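Following: one structure in structure tokens, then a few remarks.
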Amino acid sequence: MSSSDDLELLKSKAKRLQEKLDIKDRKYNFTTFKNCFIGSEAVAIITNLKFADDAPGAIKFGNELMQKGIIQHVTKDHTFKNEKKYYAFCESIDLSKVPNLETIKYTSVRKNKPKKEEPSKSKS
């Protein structure tokens, strides 16, 4: 799998995550943060979606999303943590155009499927 395929798969997982998260405006210290989600809630969803086996794996996944510029901490002060910290999807990434996870899995299976050999046409 190429690095562009890996990024597409990561974006598809991010799209699925985005669909499952409770994304809304949230307040903290008299500041309203638009369209954000809570890190600890995301960790639970990441593990439920089987993108990671456990909380440490989900944190690693979340930090990978941050490194690829898909999500960010709302004030850019923290890495991804299993805490009540606010994160948002970066506006520069449009996940609506990313293929669904099932589509990517299906096409990668079809791409890697060995071709059947045609029976030899021998005359007897």
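Residues 1 to 124 in the numbering used here are what the sequence shown spells out, letter by letter.
The beta carbon of each residue, even a glycine, is placed where N, CA and C say it ideally should be.
Treat the numbers as computed from the prediction; the structure is a model and nothing was measured.
Could you check which residue in the options has the C-alpha nearest to that of residue i?
i	options	result
ILE38	GLU102, GLU8 and GLY62	GLY62
PRO56	PHE33, TYR86, PHE80 and THR75	PHE80
ASN48	TYR28, LEU65, VAL74 and LYS13	LYS13
PHE89	THR31, GLU64 and TYR28	GLU64
ASN82	SER40, LYS97, ALA52 and ILE93	SER40
ASN100	ALA42, TYR86, ARG16 and ASP6	ARG16
LEU25	GLU8, CYS36 and ILE45	A small fix is needed here, since residue 25 is Asp in this sequence, not Leu. It is CYS36.
VAL74	LEU7, VAL98, ASP5 and ILE23	ILE23
LYS20	LYS11, ILE46 and TYR28	ILE46
ILE187	LYS68, LYS27, TYR28 and THR32	Because the chain in this structure spans residues 1 to 124, residue 187 falls outside the shown range and cannot be described.
LYS97	PHE33, THR32, ILE59 and LYS11	LYS11
LYS84	PHE30, ASP5 and ALA42	ALA42
ASN29	GLU91, LEU95 and TYR86	TYR86
MET66	ASP5, ASP54, GLU91 and PHE33	GLU91
Output the boundary residues of the beta strand (DSSP E) element that contains residue i.
i	result
LYS24	24-28
State the start and end residues of the unbroken alpha helix (DSSP H) segment that holds residue i.
i	result
LYS97	Unbroken run through LYS97: none, as it is neither H nor E.
LEU17	3-20
Identify every residue that forms a DSSP beta bridge with residue i.
i	result
THR32	LYS27
Check: Taking the runs of the beta strand (DSSP E) that are 3 residues or longer, which of them lie wholly in the segment 41-95?
Finding: Scanning the segment 41-95 for uninterrupted beta strand (DSSP E) segments of 3 residues or longer gives 71-73 and 86-89, listed from N- to C-terminal end.
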